Amino acid sequence: MTTEDVDAGQERRRRRLFAAVVAVVLALLLIALIPWLIAGPKSTPKAEPTTGTPTGYRLLVSSLHIDAPMRGIQTTRGGVLDPPANPREVGYWTASAPPGASYGQTVVTGHTVHTGGGQMDHLATVKVGSQVEIVDQGFTVYYTVTKVFKLSKRDVDLRSPELFGQSSPTNRLVLITCGDWTGHGYLTNVFVWATPTRTVLAPATS
44 MTTEDVDAGQ ERRRRRLFAA VVAVVLALLL IALIPWLIAG PKSTPKAEPT TGTPTGYRLL
104 VSSLHIDAPM RGIQTTRGGV LDPPANPREV GYWTASAPPG ASYGQTVVTG HTVHTGGGQM
164 DHLATVKVGS QVEIVDQGFT VYYTVTKVFK LSKRDVDLRS PELFGQSSPT NRLVLITCGD
224 WTGHGYLTNV FVWATPTRTV LAPATS
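In terms of my numbering, the sequence shown opens at residue 44 and continues consecutively.
See below:
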């Protein structure tokens, strides 16, 4: 075997190693850039079958007349948070912080329906300072709305660690729905941030 053969073999190994490293880096980047979108309703609301898993929680926003059962949801393979098919229900992302947690973000999403009937049809109109409640059999968590904003689908992707990440040292409630109906689809996502103010335990039953 000549020196040229050894050098050629080493070069092939270096190329294979470099290709493997690049593949791993690209895979990690793809995971980081999963499109965090909120699926819009597939049609005008009907008597849709219930989807998602029961959680026992209810979302209450009295200023918007929202009183909705929360069902556990997960992301699809494409990274989409798909709310329950029934627009009268909302979805709690089970990979996010549970209501009442001391840190992380509690992510809840629901449908906006352009013809009406969605629990979150008017989410974009909620005022800063409004009260939001998540009610469970054992407790109620009270939140105060601190920010209301819209983002394009692209900006949601770019800001996904901030919007969906769980590293926050204090808890935040994140409400999300679709916004800006064009006649064919929704251009934006509406986000509402709310800070927990107190947790009240339900009276003990004898």
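The C-beta atom is built at its ideal place from N, Cα and C for all residues, glycine as well. Computed from a prediction, not measured in an experiment: that's the story for all the values here.
* **Whether Y185 touches Y135 by CB criterion (8 Å)** => no
* Asked: In angstroms, rounded to a whole number, what distance separates the CA positions of E205 and G226?
  -> One C-alpha to the other measures close to 30 Å.
* Under a three-way DSSP split, which group does A128 fall into? -> Note: A128 maps to coil in three-state DSSP.
* **Alpha carbon of H154 to alpha carbon of P130, nearest angstrom** => 5 Å
* Asked: Going along the chain, which unbroken runs of the alpha helix (DSSP H) with 4 or more residues stay wholly within the region 171-246?
  -> 196-201, 203-207
* Look at the alpha carbon of T98 and the alpha carbon of L201, and state the distance between them as a whole number of angstroms. => 30 Å
* Apart from the five residues just before and just after T238, which ones in its own chain have a Cβ nearer than 7 Å to its Cβ? -> Y186, T187, T189, R215
* To do: Compute the distance between the beta-carbons of Q117 and Q209, then report whether it is under 8 Å.
  => no
* Asked: Can the beta-carbon of D110 be found closer than 8 Å to that of T119?
  -> no
* Leaving out the 5 sequence neighbours to the left and right, which residues in its chain are closer than 7 Å to T213 when beta-carbon positions are compared? -> Y146
* Asked: Mapping DSSP to helix, strand and coil, what is T158?
  -> coil
* Please report the residue range of the beta strand (DSSP E) in which P142 lies. => Element bounds for P142: n/a, residue is neither H nor E.
* **Reduced DSSP category for V168 - H, G, I as helix; E, B as strand; rest coil** => Note on residue identity: the sequence assigns Thr, not Val, to residue 168. In the structure shown, T168 sits in a helix (DSSP, three-state: H, G or I).
* With distances taken between CB atoms, is the gap from H165 to L107 smaller than 8 Å? -> yes
* Cβ atoms of L102 and M113: under 8 Å apart, would you say? -> Yes, they are a contact pair.
* Asked: How would you write the range of the beta strand (DSSP E) that R101 sits in, first residue to last?
  -> 96-104
* What distance in whole Å lies between the Cβ atoms of T96 and M163, which are believed to be in contact at a cut-off of 8 Å? -> With a Cβ gap of about 20 Å, M163 and T96 do not count as contacting.
* **Range of the contiguous beta strand (DSSP E) that encloses Q148** => 148-153
* Note down the Cα distance separating L76 from S139, rounded to an integer number of angstroms. => Here L76 scores only 35 on pLDDT, less than 50, and its place in the model should not be relied on; the value that follows carries that caveat. Straight-line spacing of the CA atoms in L76 and S139 works out to 18 Å.
* Asked: In whole angstroms, what separates the C-alpha of T168 from that of G160?
  -> 16 Å
* In three-state terms, what does DSSP make of L107? -> Annotated three-state conformation of L107 is helix, per DSSP.
* Cβ pair G115, T137 closer than 8 Å -> Between G115 and T137, the C-beta gap is smaller than 8 Å, which places the two residues in contact.
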